[in-house]
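For the protein sequence lines, the chains are A and B, in the order given.
Using the numbering used here, the letters of the first sequence map in sequence onto residues 1 to 469.
Using the numbering used here, the letters of the second sequence map in sequence onto residues 1001 to 1960.
Backbone N, C-alpha and C fix where the C-beta goes; we use that ideal spot for every residue, glycine too.
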Amino acid sequence: MNSSLATDGKSITRRHFFQECGYGVGKIALAGLLTNTLCRAQSRTHFAPKAKRVIHLFQAGAPSQLELFDNKPDLKKLEGKPLPPSVIGDQRYAFIQQNAAVLGPRFTFKHHGQCGAELSDKLPHLAKVVDEIAIIRSMHTNQFNHAPGQIFFNTGFAQPGRPCLGSWLSYGLGVEADNLPAFVVLSTGGGISGGSALWSAGFMPGKHAGVRFRNSGDPILNVSPPAGSDTKLQRDSLDLIRILNGQRLAVENNPDIITRIESYEMAFKLQASAPELMDLRSESQETLNLYGADPIKPSFARACLLARRMIERGVRCVNIYHSGWDAHSDVAGNITNNTRATDQASAALVLDLKQRGLLDDTLVVWGGEFGRTPMVESNPTLNRSQGRDHHPQAFSLWLAGGGIKGGTTLGSTDELGFHIAERPVHIHDLQATILHLLGLDHERLTFRHGGRDYRLTDVHGQLVNEIVA
Amino acid sequence: MSLGRVKLKRPWLIAVFVIEISAFATPDFQNDIRPVLARHCFKCHGPDEKTREANLRLDVPPKEGLLIKLIDRINHKNPDEIMPPTSAKKPLLESQKQLLVEWIQAGAKYTKHWAFIPPKAYSLPKIRQPSWPSNDLDYFILARLEANGQTPAPEANRYKLIRRLSLDLIGIPPTLEEIREFVEDSKPNAYERLVDRLLDRPEYGEHWALPWLDLARYADTNGYEKDRPRSIWPWRNWVINAINEDLPFNQFTIEQIAGDMLPEATQSQRIATGFHRNTMVNEEGGIDPLEFRFYAMVDRVNTTATTWLGLTLGCAQCHTHKFDPVPHRSYYEMMAFLNNSTEPELSLFTPEQKKQKKITENQIINQLSHLPIDQASYEAWLKSKKRTSVSWHTIIPTKMKANIGWLELLEDQSIFARGDTSKHDTYEFEFKDLPENITGLRLEALPDERLPKGGPGRAYYEGPKGDFFLSEIAIHSDGNSLEITSGTENYAKQWIGSGKSSAMAAVDGDLQTGWSASGREGKHSQAVWQLAKPLTTSAIKLQLDFSRHYSASLGRFRLSVTTQNPPFKAKELPGDIEELLTKRDEMRNQADRNKLRLYYIKNAKENSKAREKIYKLYKKLPSPPTTLVMQERPVSHLRVTHRHDRGEFLSPREIVDPKVLPFLPPLDKDMPRNRLGFAYWLVDPKNPLTSRVVVNRLWSALFGEGIVKTTDDFGYTGAYPTNLELLDWLAIEFIRQGWSQKKILRLILTSSTYRQESQMGFRLSAEQIRDSTLKVSNLLHQKIGGQSVFPPQNKSIGEGIYGGSSWKTSSGADQYRRSLYTYRKRSMPYAMHGTFDAPSHETCVARRETSNTPLQALTLLNDRFFIEASRTLGTWATQQPDENIIVINALFQRCLTRLPNAIEQQAMESFYKKTYARFSSGELDASVFAGSSKGDVKTQATWTALARVLLNTHEFITRN
């Protein structure tokens, strides 16, 4: 039956809930129960967490590391010449041919902050908080196409059907807020290749799926009561639903009914809390300026500010998808546009969290599904020039906050930016590290499905200790 | 009432499950020991020799004396010595250690896994209350109850029974009339007759198709990034019909796995093979199509294993299974059975449509041929065309080879490509004994109805279907590359990108440019190249390269050469017409003349109006739906299956032959070693798994839990059956009853076991909740089968989804079809379905998880669909002539089948009064809430509010 919240015995079952909370089912005191939402306080981490929540700024389409984080002056010298086949090996490419010529970096790089990390001129805002972040320049992945790459990054498996990181957190850590979901998803820009598989709970119960906050209409689907009703009618209706459900409870003793009653109360609260959350009038002009956010118009900046408000209100995991980095042509223009849309707000989020004392236990992750080739993508047939193709062998991303050692730059690539030279970090390693920072052991966080104990990291994953404070 | 351990959960279920608690004695190997060993020890001491430590196996009886040491190791105080090692992070519980110790001390007896030996025919157990059983099944339940000192629960009342039966058999609650008919039925066997009535309802097939669609991962789109539409709903129709007709499960299986291979396969049997065409297709530009074909094959193996064998084979994709006795190699041996098909799209002409098509086509040709033409103009046309026509000589290769597929020579000397295709296909040809002094080469791209969209190309994903892109054509003679000075084409256009497609671009040495004829799918196009110098040898080698970010090779084409002096150019004129033109008139036979004349009529300036009129007949041509099917490749071109090291596409190792799993009965000697033989093997009565797996799923659907709780895992780590005798009896009975699902359901449903009063319900599926709402509100448009429909949903659903805005909301009655027909877009599941735990149909699901969330509450409370249903119910209530309390009862019963008790009645009445007062006083706008300005809107709004509450009750969305 569906009476267990989780199947691994670690988390509470409903029966357990009754035992723990001491309610005799036949004589349940509904009113009292409703104020004590599901005994949610208990900690379910494997060890003391460094971060309590995570904001993932997912840069869909794969930003060019060579124009942002990984300076390769040697490429300039080789520009126009093909790479030796020995370097390329049997790597398959999405679009370019193996003999594609080298394209030098399009922007200049400078050292910043006390740590002296190197960033391109297109990241002036990030440069100001560079001592707070850890850059990994030696990421690699198994996938070289967007949908599988994004799904792999989020779920540890390249095909849809498995739970994403946010779902694992919701499953592993439970709900913190009683009037907002544990796991929220926002998106700006165009369509995201991986689709809803990226925030899907996969084979876990649907309650672990990411809840979309939308840019138009209701922020959460159906959060507005129907036209012609008011709060009182909603309340009266809920009261009658509760009486009718209570009558069934008396006959059936089914703890599912109590959860149902609970979920209606939370829905009622959501109807107030969601609009309050989305209303940026309470934010100072200074804050709006810091992010560069218009309080009404949907944008990446507004999403970042909303993410901060969400975690302040107890949301555990926020994913913001910004798509548009897929620079098959004109990588310089692409980087210019996308950094214009994201740099200020990404840095503002780090700064704002720090100023509010939230950065210490909030993990921020910034990056995309793979990297881009040191070789140029140029294809008159497809109208492409001065672009870069997909590159799974090496790419960069950064993390900040919750347990991250700020001012770190980890790993490096060869002088061509093609292969990793030092300290390879696989997607599974990053996933293991994120879970670790949140107090979860990626080898012990399992979910049984179809006769198998699944993990986010499959049978892989090693903690990246160097970036942990 | 207390929540003590045993008393309360549905007593009638406890009857089935509880006995193990009291069964003490020696730990049982299968029930108590192997699951522990499997989860904690087999990884290093199990079937996989690659990861085996200390040369110790625990999945088979180890050497004597070894197990005694195990007692020490599992209880060891030293963390470096303890087993399982600390690093494995799989410590044993004290209770598990105790079990192991007891088992070892009792002699460590190993027995064969219950699920891998055939079901035993148990005789009916002895019972003390012979009056209770309604049929044989009940003996197994009652015997357990009695052994446990319990008595069965009383039979549920008729309201509860009809609701339970209706939801279980047709997926929706009964109507007021149906309730009355049953409750008032005083003739004998009222219950049995109700079961029969419901089994005969067409909705039975709709309801029971749903779990099968979950297993088959049915969807209306291809999945992944682009997630474009596909047409495979005829397969869904097939499933609904098969279930309604009670197609025996063995036949149901054979047709879906290998219907195309049955002798003289019918169209319906071919449609059935859509089961494994439900796998995803990645259309993202730049992917490796063969890699995603491999993933689809992996999915087919896993899905087959889960659906029929109740086994999780997925692990063996990468390595020898850690728990179950499935060697890594066996995984690919099983794949080899399924790996030899092509995957065409089938046009579903009915026999009448076929006839109609032929008649119409003949009509068109006939009428065209009889169009009067001006003979003088025709002669002039013939003359002028003859003057410019070039004499082309079709050349036939002595050797031809494709990189991965194969090429066939057709009767008209054209070449047809078959087999797999990739992003860069290469065709190589050798020609001998060519005419002297060849000056040019012509390539005709030809349509063929076997190709996607009629060809000429083979593009089937990402680019337009039937598209091709010739990147390079290279001619060699005596090892030298021949220079080409000019190239022309009658038509050139490429899909996406503004680069210029042309015949010359196919000889520029750049694979990224070439000749393409996008937009002329289903039509002939040609390119002609002129050699710099006439050819001095009689043999050439020719290579065609097709390189694009998707598969875009030519599917059908013809090569010819000329020795005429240049210049010559590509023509709109098809090659066969040009050939006729070059003939002297006296050399043409009547058929030739007719053909020429018809070509002229079709293309001449005169008669264009008359032609248009005839062409209108094309509209009469039937345009049947298409569906995705399997078609076996010829034995001469078997697709080779490899073992893939670590399960990786890029690591193919040795070639494997089709073989069934080693621990199950072998394939019958008379059976072919192919997909068809495999299908028969799946439902061979000797197979110990299939029948058990299927009856267990049926049981699980009716009781909320299977006899084997892990409906998708009958392996070593799966749950032990709570009543093996019952499971085996049912499994044998299922086969004995001719694999009839209806018969086995009837058996279970008419048992006393099923009819017991139950204590705990389980939530309806997303589809059932919506369908029940449609039903009780009278909105349901009951129509069986057909294309998927798009019920309205919020626009913002498409945000962030690649191509997400493509939700073409249906109009009219199609908005109110049963949810099984709701369009399934994998990357963007219908919101309400997702909210209520429906899967996204990307992988096989044997059992849905259920959750209970505030978003579900918001959906039922505020979603436009549920508001509309409430309003419809409100309107109905308003129209009732009776006094309020009667209407309240009727409304309640409509939604919940039973009648309200006094407290419920009172609460509803008081809600009604309170709410009516608010609408009356104008405090709330009744017409806005009721969505109507006609009639007594205050009453209507009040009833709407009450109906809305009823649709939000826990009881409405659960089955009890």
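Inset, instruction - At 7 Å on the CB atoms, spell out the chain B contacts of Thr155/A, in chain order. - result: As a first step, residue 155/A is located in the first sequence; it is residue number 155 there, counting from the start. Result: empty, since nearest Cβ-Cβ is about 11 Å, beyond 7 Å.
Legend entry - Glu1192/B versus Asn1778/B - alpha carbon distance: For the purposes of this step, residue 1192/B is taken as residue 192 along the second sequence, with counting starting at 1. For the purposes of this step, residue 1778/B is taken as residue 778 along the second sequence, with counting starting at 1. Cα to Cα, Glu1192/B sits roughly 27 Å from Asn1778/B.
Inset, instruction - For the beta strand (DSSP E) holding Tyr1680/B, just list the boundary residues, first then last. - result: Here residue 1680/B corresponds to residue number 680 of the second sequence, with the count starting at 1. From DSSP, Tyr1680/B is part of no beta strand (DSSP E) but of the alpha helix (DSSP H) over Arg1675 to Leu1682.
Legend entry - Residue from Asp239/A, Ala48/A, Ile55/A and Trp398/A with nearest C-alpha to Leu363/A: The residue given as residue 363/A occupies position 363 in the first sequence. The option with the nearest alpha carbon to Leu363/A is Ile55/A.
Inset, instruction - Check each candidate in Gln247/A, Arg242/A, Asp352/A and Glu283/A and name the one with the smallest Cα separation from Glu265/A. - result: One-based indexing of the first sequence puts residue 265/A at position 265. The residue with the shortest Cα to Cα distance from Glu265/A is Arg242/A.
Legend entry - Within chain B, the residues that Ala443/A reaches when beta carbons sit closer than 8 Å: On the first sequence, residue 443/A is found 443 positions in, with the first residue counted as 1. What sits at residue 443/A in the sequence shown is Glu, not Ala. Residues of chain B passing the Cβ test: Lys1089.
Inset, instruction - Step through the CB atoms of chain A and report whether any lies within less than 8 Å of the CB of Leu1861/B. - result: Sequence index remark: in the second sequence, residue 1861/B carries index 861 (1-based). Yes, because at least one Cβ of chain A sits closer than 8 Å to the Cβ of Leu1861/B.
Legend entry - Under 7 Å by beta carbon: chain A residues contacting Asp1837/B: Here residue 1837/B refers to the residue found at position 837 when the second sequence is read from its first residue. The contacting residues are Pro205 and Gly206.
Inset, instruction - Could you tell me whether the Cβ of Gln159/A comes closer than 8 Å to any Cβ of chain E? - result: Going by chain labels, chain E is absent from the structure shown, which instead holds the protein chains A and B.
Legend entry - Continuous beta strand (DSSP E) stretch holding Asn379/A: start and end: Start at 1 with the first residue of the first sequence, and residue 379/A comes out as number 379. First-last of the beta strand (DSSP E) with Asn379/A: Gly371 to Asn379.
Inset, instruction - State yes or no: is the beta carbon of Tyr171/A nearer than 8 Å to at least one beta carbon in chain B? - result: As a first step, residue 171/A must be located in the first sequence, where it is residue number 171. Judged by the 8 Å Cβ criterion, Tyr171/A is not in contact with chain B.
Inset, instruction - Pull up the DSSP beta-bridge partners for Arg388/A, would you. - result: Taking the first sequence and counting its residues from 1, one reaches residue 388/A at position 388. DSSP, once it has assigned bridges, lists Val376/A as partnering Arg388/A.
Legend entry - Distance between Arg1236/B and Thr1388/B (C-alpha atoms, nearest Å): For the purposes of this step, residue 1388/B is taken as the residue at position 388 of the second sequence. For the purposes of this step, residue 1236/B is taken as the residue at position 236 of the second sequence. Computed Cα separation, rounded: 55 Å.
Inset, instruction - Report yes if the CB atom of Asp389/A is closer than 8 Å to the CB atom of Glu377/A, and no otherwise. - result: In the first sequence, residue 389/A corresponds to position 389, counting from 1. In the first sequence, residue 377/A corresponds to position 377, counting from 1. Yes, the pair counts as a contact, with Cβ atoms nearer than the cut-off.
Inset, instruction - For the region 1268-1282 of chain B and the region 1700-1720 of chain B, state whether three or more C-beta atom pairs, one from each stretch, are separated by less than 8 Å. - result: no
Legend entry - Helix, strand or coil at Ser412/A [DSSP, three-state]: Locating residue 412/A in the first sequence gives position 412, counting from the first residue. Ser412/A falls in the strand class under three-state DSSP.
Inset, instruction - Closer than 9 Å by beta-carbon distance: list the chain B residues that pair up with Asn383/A, in chain order. - result: The sequence position of residue 383/A within the first sequence is 383, counting from 1. Ile1496, Gly1497, Ser1498 and Gly1499, listed in chain order.
Inset, instruction - Return the residue from the list Ala48/A, Ser64/A, Phe47/A and Pro124/A that minimises the CA-CA distance to Gly367/A. - result: Here the question's residue 367/A lines up with position 367 in the first sequence. Of the candidates Ala48/A, Ser64/A, Phe47/A and Pro124/A, the one whose C-alpha sits nearest the C-alpha of Gly367/A is Ser64/A.
Legend entry - Touch test, the region 187-197 of chain A against the region 1792-1809 of chain B, Cβ-Cβ under 8 Å, three pairs minimum: yes
Inset, instruction - Give the secondary structure of Val1928/B by DSSP, where H, G and I count as helix, E and B as strand, and everything else as coil. - result: For the purposes of this step, residue 1928/B is taken as residue 928 along the second sequence, with counting starting at 1. Helix.
Inset, instruction - Assuming Tyr1332/B contacts His1637/B (C-beta within less than 8 Å), just tell me the rounded distance between them. - result: Numbered from 1 along the second sequence, position 332 holds the residue referred to as residue 1332/B. Numbered from 1 along the second sequence, position 637 holds the residue referred to as residue 1637/B. Rounded, the Cβ-Cβ distance is 19 Å, inconsistent with contact.
Legend entry - Candidates Asn1031/B, Asp1448/B and Ala1115/B: closest to Leu1664/B by CA position: Translated into positions along the second sequence, residue 1664/B becomes position 664. Answer by Cα proximity: Ala1115/B.
Inset, instruction - Please determine, among Ile1127/B, Thr1253/B and Tyr1159/B, the residue with the shortest C-alpha to C-alpha distance to Ala1147/B. - result: Walking along the second sequence from the start, residue 1147/B turns up at place 147. Out of Ile1127/B, Thr1253/B and Tyr1159/B, Ile1127/B has the C-alpha closest to the C-alpha of Ala1147/B.
Legend entry - Closer than 8 Å at the beta carbon, the chain B residues around Met266/A: Taking the first residue of the first sequence as position 1, residue 266/A is located at position 266. The contacting residues are Pro1854 and Ala1857.
Legend entry - Identity of the residues DSSP links to Glu1757/B by a beta bridge: For the purposes of this step, residue 1757/B is taken as residue 757 along the second sequence, with counting starting at 1. Beta-bridge pairing links Glu1757/B to no other residue.
Inset, instruction - May I ask which residues mark the beginning and end of the alpha helix (DSSP H) holding Ile1104/B? - result: The residue you call residue 1104/B lines up with position 104 of the second sequence. Counting along the chain, the alpha helix (DSSP H) containing Ile1104/B begins and ends at Glu1094 to Gln1105.
Inset, instruction - Go through its chain and collect everything with a Cβ distance to His1549/B's Cβ below 8 Å, but skip five positions before and after it. - result: In the second sequence, residue 1549/B corresponds to position 549, counting from 1. Around His1549/B: Gly1285, Gly1286, Lys1423 and Glu1462.
Inset, instruction - Tell me, please, whether the CB atom of Asp256/A is closer than 8 Å to any CB atom in chain B? - result: Reading the first sequence from its first residue, position 256 is the one you call residue 256/A. Yes, Asp256/A lies at the interface with chain B (some Cβ there is under 8 Å from its Cβ).
Inset, instruction - Run the CB neighbour count on Pro1721/B, radius 10 Å, all protein chains shown included, and call it buried at 16 or more, exposed below. - result: Residue mapping note: residue 1721/B aligns to position 721 of the second sequence, counting from 1. Label assigned to Pro1721/B: buried.
Inset, instruction - Please confirm if Asn36/A has its CB atom under 8 Å from at least one CB of chain B. - result: Against the first sequence, residue 36/A aligns to sequence position 36. Reliability fails at Asn36/A, whose pLDDT of 36 lies under 50, so the model's placement of it is uncertain and the value that follows must be treated cautiously. With 8 Å as the cut-off, Asn36/A does not count as an interface residue toward chain B.
Legend entry - Residues near Ser1268/B in its chain [Cβ-Cβ closer than 7 Å; skip 5 each side]: Along the second sequence, read from residue 1 onward, the residue named residue 1268/B stands at position 268. So the list reads Trp1238, once near-sequence residues are dropped.
Inset, instruction - Kindly identify the DSSP beta-bridge partner or partners of Asp1425/B. - result: For the purposes of this step, residue 1425/B is identified with residue 425 of the second sequence, where counting begins at 1. DSSP output for Asp1425/B lists Phe1546/B as bridge partner(s).
Inset, instruction - Find out if the Cβ-Cβ distance for the pair Ala400/A, Ala345/A is shorter than 8 Å. - result: Along the first sequence, one-based indexing puts residue 400/A at 400. Along the first sequence, one-based indexing puts residue 345/A at 345. Going by C-beta atoms, Ala400/A is not nearer than 8 Å to Ala345/A.
Legend entry - Test: Thr141/A CB closer than 8 Å to a CB of chain B: Along the first sequence, one-based indexing puts residue 141/A at 141. No, Thr141/A lies away from the interface with chain B (no Cβ there is under 8 Å from its Cβ).
Inset, instruction - Look at the alpha carbon of Leu1070/B and the alpha carbon of Pro1061/B, and state the distance between them as a whole number of angstroms. - result: Against the second sequence, residue 1070/B aligns to sequence position 70. Against the second sequence, residue 1061/B aligns to sequence position 61. Looking at the two C-alpha atoms, the distance is approximately 13 Å.
Inset, instruction - Can you tell me which of the three DSSP states Met1630/B falls into? - result: The sequence position of residue 1630/B within the second sequence is 630, counting from 1. The answer is coil: DSSP assigns Met1630/B none of H, G, I, E or B.
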